[in-house]
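Data first, discussion second: the structure below is written as structure tokens.
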Amino acid sequence: MLVLGVESSCDDTAAAVVSDGRRILSNIVSSQISVHREYGGVVPELASRHHIRNIIPVVSEALDKAEVGLEDIDAFAATRGPGLIGSLLVGLSFVKAVSYAVRKPFVAINHLEAHIHSVLIENEGVEFPALALVVSGGHTSLFYLPEPFRYRLLGRTRDDAAGEAFDKVAKLLSLGYPGGPIIERLAEGARGDIPFPIAKISDGSLDFSFSGLKTAVLRYVKKGMPDEERDVWLKNIAASFQEAVSTAICDKLKRAARFYNPRSILISGGVSCNRYLRKRITSAFKGKRVKVYFPSPELSTDNGAMVASLAYFKLIRGKASSLSVDADADLTLAEGEGEG
Ligand code: KG4
Ligand code: ZN
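Using the numbering used here, you'd call the opening residue of the sequence shown number 4 and step up by one each time.
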């Protein structure tokens, strides 16, 4: 079964053709980084305008690259939320219209569920129960999955998402956008010995908080550069910040794993590209009975393949969606909802 999946929840217009849920025939992403760079973050109004411009070329390219025509596609899928409402509407409306025109099933996809699913595309033997962490520009959310396709939210960020913190710190250091890859590169080989604070959430929940860390970096930067070269100073800030984010994430994962005793831990979302974070999480669970999984980098950031693949697994369980499904900027993923 061939599924065409479209993702447009934020600033990437993405489309992919996936065969039987696992064979990715094409996975095209048109990034808007150059559009948003000068603002140091995504400008929603510009994002939706660019999605409108990009959607047809991106979908055509996905079909061409997969060497299939529209008539060969068995089902169509698009992200319905959470995300930027204007951006979501472009991809969702386009896909619903095409599915209606060619009279093939349509599947609405939850963006968080798609990120979690991105780990499962390349790994068939994942055992449950599992913990799943989505760390991206818009989300830092931890879920418990007692079995495939069932989700219980354990914790989420109370302020900034981890990727948002990377982006904001890069912006205050005038490093460019998006901040994650730039900070990762800068942090390589640096000391990382500034003791930035790691938020302690006093009620003992598994929630995250990154805005205090961002403020601590700002305060440190305002103190000015000590007697060392600017790039040594910048590298040290980048490495210390990355260290603090990684420690915060590892601490929460370790606590959740002690309590829930999962067989697998699934890490996804743009920030999961970060090699230092991957190393820290991997070593935190080394020698333990739990296996840690990450998606390959092209499936970590927003993409259409995770949408198309998840749609396939929904369709074979009889979960097509109605064309009356609307975009929902605040869509959640809680127990049972992954079934919708
Ligand atoms: O999943 P994604 O493409 O979009 C959202 O759904 O938000 O994630 C984008 C986020 C950005 O904040 C970006 O700075 C961050 O992922 N990111 C990284 C890295 N690559 C991307 N953060 C840390 N290290 C990276 N290597
Ligand atoms: Zn995402």
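The beta carbon of each residue, even a glycine, is placed where N, CA and C say it ideally should be. Because the structure is a prediction, the values reported are computed rather than measured.
So is residue i buried or exposed if we call it buried at 16+ other beta carbons inside 10 Å?
{"i": "N264", "result": "exposed"}
{"i": "G8", "result": "buried"}
{"i": "V248", "result": "buried"}
{"i": "E187", "result": "buried"}
{"i": "P60", "result": "exposed"}
{"i": "L326", "result": "exposed"}
{"i": "H10", "result": "Checking the displayed sequence, the identity of residue 10 turns out to be Glu instead of His. E10 is buried by the Cβ-count criterion."}
{"i": "I183", "result": "Reading off the sequence, residue 183 comes out as Gly, not Ile. Under this definition G183 is a buried residue."}
{"i": "L334", "result": "buried"}
{"i": "R40", "result": "exposed"}
{"i": "F262", "result": "exposed"}
{"i": "G166", "result": "buried"}
{"i": "S90", "result": "buried"}
{"i": "L336", "result": "buried"}
{"i": "L221", "result": "exposed"}
{"i": "Y154", "result": "buried"}
{"i": "D305", "result": "buried"}
{"i": "Y117", "result": "According to the sequence provided, residue 117 is Ala. The question's Tyr does not apply to it. Label assigned to A117: buried."}
{"i": "I319", "result": "exposed"}
{"i": "S299", "result": "exposed"}
{"i": "A104", "result": "exposed"}
{"i": "S177", "result": "exposed"}
{"i": "G158", "result": "buried"}
{"i": "R26", "result": "exposed"}
{"i": "V93", "result": "buried"}
Assuming residue i and residue j are in contact, meaning their beta carbons sit under 8 Å apart, how far apart are those beta carbons, in whole angstroms?
{"i": "G86", "j": "C13", "result": "6 Å"}
{"i": "I88", "j": "A330", "result": "6 Å"}
{"i": "H142", "j": "A111", "result": "Between A111 and H142 the Cβ distance is about 18 Å, and since that is not below 8 Å, they are no contact."}
{"i": "A267", "j": "F79", "result": "Per the sequence presented here, residue 267 reads as Ser, with Ala not at that position. Not really, about 30 Å apart at Cβ, beyond 8 Å."}
{"i": "K3", "j": "K226", "result": "Within the shown structure, residues of the chain are numbered from 4 to 343, placing residue 3 beyond reach of any answer."}
{"i": "N30", "j": "E246", "result": "The pair is not a contact, with the Cβ atoms about 32 Å apart (cut-off 8 Å)."}
In this structure, what does DSSP give as the bridge partners for residue i?
{"i": "D23", "result": "Partner(s): none; D23 has no beta bridge."}
{"i": "V274", "result": "None; V274 has no bridge partner."}
{"i": "V6", "result": "V21 and A78"}
{"i": "D15", "result": "S34"}
{"i": "S249", "result": "According to DSSP, S249 bridges with nothing at all."}
{"i": "I55", "result": "Paired residue(s): none; I55 is not in a bridge."}
{"i": "I284", "result": "According to DSSP, which records beta bridges pairwise, I284 is partnered with nothing at all."}
{"i": "S29", "result": "V20"}
{"i": "L269", "result": "A135 and Y296"}
Would you verify that the beta carbon of residue i is, or is not, closer than 8 Å to some beta carbon of chain B?
{"i": "P265", "result": "Protein chain content of the structure displayed is limited to a single chain, and chain B is not contained in it."}
Regarding residue i and the ligand COA, is the C-beta to nearest heavy atom distance less than 7 Å?
{"i": "F169", "result": "For the structure depicted, the ligand COA is absent and the ligand set comprises only the ligand KG4 and the ligand ZN."}
Report task. May I have a chain-ordered list of the beta strand (DSSP E) segments no shorter than 3 residues that lie completely inside the stretch 75 to 163? Result -> Listed in chain order, they are 78 to 84, 109 to 113, 133 to 138, 143 to 148 and 155 to 159.
**Request:** May I have a chain-ordered list of the alpha helix (DSSP H) segments no shorter than 4 residues that lie completely inside the stretch 182 to 241?
**Result:** Whole alpha helix (DSSP H) segments, 4+ residues: 182 to 190 and 214 to 225.
Any contact between the stretch 279 to 289 and the stretch 310 to 319? By contact I mean 3 or more CB pairs, one from each, below 8 Å. Result no; under three Cβ-Cβ pairs closer than 8 Å.
Are the stretch 120 to 136 and the stretch 145 to 160 touching, with three or more C-beta to C-beta distances below 8 Å?
Yes: the two stretches touch, three or more of their Cβ pairs being nearer than 8 Å.
Checklist line | Ordered list of beta strand (DSSP E) runs contained in the stretch 287 to 328, each at least 3 residues | finding: Annotation note: the stretch 287 to 328 contains the following uninterrupted beta strand (DSSP E) runs of length 3 or greater, listed N- to C-terminal: 294 to 296.
Is the stretch 66 to 82 in contact with the stretch 38 to 51, if contact means three or more CB pairs nearer than 8 Å? Contact fails: fewer than three Cβ-Cβ distances are below 8 Å.
Closer than 8 Å is the cut-off here; do at least three beta carbon pairs connect the stretch 201 to 217 with the stretch 249 to 268? Three or more Cβ pairs closer than 8 Å define a contact, and the stretch 201 to 217 meets that threshold against the stretch 249 to 268.
Q. Does the stretch 17 to 29 come close enough to the stretch 62 to 70 to have 3 or more Cβ pairs within less than 8 Å?
A. By the C-beta criterion, the stretch 17 to 29 is judged to be in contact with the stretch 62 to 70, since at least 3 inter-stretch pairs fall below 8 Å.
Stretch pair the stretch 268 to 277 + the stretch 220 to 235: three plus CB contacts closer than 8 Å: No contact exists between the stretch 268 to 277 and the stretch 220 to 235.
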